[in-house]
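Residue numbers (my numbering): 1 to 524.
All remarks here apply to the structure that follows.
Written as structure tokens, this is what we have:
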């Protein structure tokens with residue numbers, strides 16, 4: 001199976017084209033109009049010779065027939081020389097030419113590909129079409145060398161550009177290692193690749209089905225589409241430069257992430273109709289739509305995630321589903337539905353992130369809504385400190401983070417204000433019912449006990465230096481929330497921004513009063 005998928009991937013990398021040039025969503029971009037150059041019929045034969053395509057079998061490819069019409073060459077009934085596991089209906093080069101003795105072309109199409117498994121490997125992969133239009137000279141040269149059997153490194157990512165690359169109609173079935181099933185991808189497309197970024201990357205129509213005699217052996221994965229716009233190629237560059245060295249790759253990847261933590265490497269992402277079903281557990285996201293607004297310098301200044309919904313369902317006939325249902329039943333649920341939304345603005349000059357509490361929340365339907373907001377300074381500096389101070393390779397092997405490095409990173413943060421709220425809609429009672437049942441208690445008695453502990457809290461912290469007014473207001477609001485449900489809101493709004501470094505330098509709790517912190521706790 002792996003051998004065949006690698007073969008399909010290799011064919012795909014050899015080539016992509018779709019003349020779609022109008023936006024299809026809120027986060028989409030206007031794509032360039034693709035125009036295939038005419039090429040030069042006088043140089044077509046030389047271009048084919050550079051790719052060892054003059055005669056069948058002289059290079060990597062063998063073919064039953066070849067026709068040349070001007071600067072277009074068509075090869076039919078194509079196979080890999082000496083290997084009958086890959087068969088191609090046709091390969092078409094358009095706009096053939098030569099530059100400095102090297103082959104170039106405007107468009108390459110590979111059509112009707114069939115990949116069969118080795119003897120005893122019951123797998124077949126079908127690929128409808130792979131196309132590449134207007135590749136850069138470096139990419140065309142690499143492809144030419146690959147076709148004539150030369151071993152050459154893939155060009156550096158900054159030298160790779162093309163107008164369009166696409167793969168459509170990938171399907172297959174397998175039956176190996178006791179597992180049988182099918183897989184398919186309708187389309188993968190990358191548009192307007194410049195070597196630094198791609199205007200759009202799209203994958204759609206994914207369907208993976210692993211058949212089983214029982215629910216535990218059955219897996220289904222489906223994706224309607226995933227589209228990203230203005231995708232940064234820095235991660236591809238990192239992969240390319242560090243391939244073969246796992247430690248170096250991890251360090252470089254983390255470095256790329258933490259070097260500019262406020263920039264995720266894209267302007268928009270849209271996902272639709274994603275679902276996974278395995279062992280009786282079903283997880284689904286109907287849609288996800290997130291976008292970034294940038295300033296004139298290209299820096300992110302606003303992040304918005306539109307309202308989304310996720311669902312979790314379980315079937316007791318599956319082992320995983322039975323376990324999930326057992327956990328859910330403790331809280332009185334048969335399934336879960338989560339909703340959320342996100343919004344934040346960022347000032348790159350001040351390194352300040354500002355979250356609107358009304359636009360940042362996670363809600364468990366028929367449970368509770370958790371909202372958060374605030375104004376935080378130094379997040380980028382904090383993340384860069386983490387990236388430069390931590391050894392991620394060691395941490396991946398189980399090493400603990402360096403406490404001093406963590407403290408140094410935390411010292412970069414400054415809080416302007418914070419807000420957190422919980423709107424209860426049955427989750428509190430569900431949690432108390434579950435906890436009380438586990439301990440053989442009455443839920444109301446457990447609530448009363450917690451209320452008594454909270455009521456004693458001011459006396460318990462009397463000698464610690466913690467501001468009594470702060471404790472009294474917090475425990476009063478929390479006690480009312482535990483007793484009656486409703487909404488609990490905690491806010492910090494100090495008159496002057498409070499840095500973590502200042503707190504570390506002066507950890508005396510007496511220095512942080514209700515008034516100086518601008519603290520409030522309310523219950524409604």
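Ideal Cβ positions, reconstructed from N, Cα and C, are used throughout, including at glycine.
Just so you know, these numbers come straight off a predicted model, no measurement behind them.
Distance between residue j and residue i (C-alpha atoms, nearest Å)
i: residue 297; j: residue 270; result: 24 Å
i: residue 108; j: residue 425; result: 58 Å
i: residue 382; j: residue 411; result: 8 Å
i: residue 29; j: residue 268; result: 9 Å
i: residue 94; j: residue 46; result: 14 Å
i: residue 41; j: residue 160; result: 26 Å
i: residue 165; j: residue 133; result: 7 Å
i: residue 261; j: residue 444; result: 47 Å
i: residue 287; j: residue 79; result: 41 Å
i: residue 323; j: residue 235; result: 38 Å
i: residue 301; j: residue 189; result: 28 Å
i: residue 198; j: residue 173; result: 32 Å
i: residue 110; j: residue 171; result: 15 Å
i: residue 366; j: residue 487; result: 14 Å
i: residue 371; j: residue 242; result: 41 Å
i: residue 180; j: residue 292; result: 42 Å
i: residue 429; j: residue 357; result: 25 Å
i: residue 124; j: residue 105; result: 31 Å
i: residue 294; j: residue 446; result: 51 Å
i: residue 341; j: residue 307; result: 4 Å
i: residue 259; j: residue 501; result: 22 Å
Bridge partners - residue i, DSSP secondary structure assignment
i: residue 366; result: Beta-bridge pairing links residue 366 to no other residue.
i: residue 223; result: 206 and 274
i: residue 171; result: 126 and 184
i: residue 373; result: 419
i: residue 230; result: According to DSSP, residue 230 bridges with nothing at all.
i: residue 77; result: Answer by DSSP bridge pairing: none, since residue 77 is not bridged.
i: residue 189; result: 166 and 202
i: residue 176; result: 179
i: residue 294; result: 300
i: residue 361; result: 341 and 371
Environment of residue i [buried if 16+ CB atoms lie within 10 Å]
i: residue 155; result: buried
i: residue 437; result: exposed
i: residue 151; result: exposed
i: residue 103; result: buried
i: residue 475; result: buried
i: residue 384; result: buried
i: residue 44; result: buried
i: residue 464; result: exposed
i: residue 467; result: buried
i: residue 360; result: buried
i: residue 279; result: buried
i: residue 167; result: buried
i: residue 455; result: exposed
i: residue 230; result: buried
i: residue 524; result: exposed
i: residue 22; result: Since pLDDT at residue 22 reaches only 38, below the 50 mark, its modelled position is unreliable, and no value is offered.
i: residue 26; result: Confidence is the limiting factor: at residue 26 the pLDDT is only 43, short of 50, which leaves the residue's position unreliable and the question unanswerable from this model.
i: residue 187; result: buried
i: residue 163; result: buried
Backbone secondary structure at residue i - three-state DSSP
i: residue 300; result: strand
i: residue 66; result: strand
i: residue 317; result: coil
i: residue 350; result: coil
i: residue 152; result: coil
i: residue 21; result: Low confidence applies to residue 21: its pLDDT is 39, below 50, so where it sits in the model is not reliable enough to give any reading.
i: residue 108; result: strand
i: residue 342; result: strand
i: residue 196; result: coil
i: residue 97; result: strand
i: residue 280; result: coil
i: residue 323; result: helix
i: residue 495; result: coil
i: residue 490; result: strand
i: residue 29; result: coil
i: residue 329; result: helix
i: residue 211; result: strand
i: residue 542; result: No answer is possible for residue 542: it lies beyond the span of the chain, which begins at 1 and ends at 524.
i: residue 131; result: strand
i: residue 521; result: strand
Cβ-Cβ separation, residue j to residue i (assumed contact under 8 Å), whole Å
i: residue 96; j: residue 48; result: 7 Å
i: residue 39; j: residue 147; result: Rounded, the Cβ-Cβ distance is 17 Å, inconsistent with contact.
i: residue 281; j: residue 221; result: Residue 281 to residue 221, Cβ: 12 Å. No contact.
i: residue 223; j: residue 273; result: 7 Å
Contact test: residue i Cβ vs the ligand MG heavy atom, cutoff 8 Å
i: residue 223; result: Of the ligands one can find in the structure shown there are none, so the ligand MG has no counterpart to examine.
Cutoff 9 Å: residue i Cβ touching any chain D Cβ
i: residue 230; result: Although the question refers to chain D, the structure presented lacks it and comprises just one protein chain.
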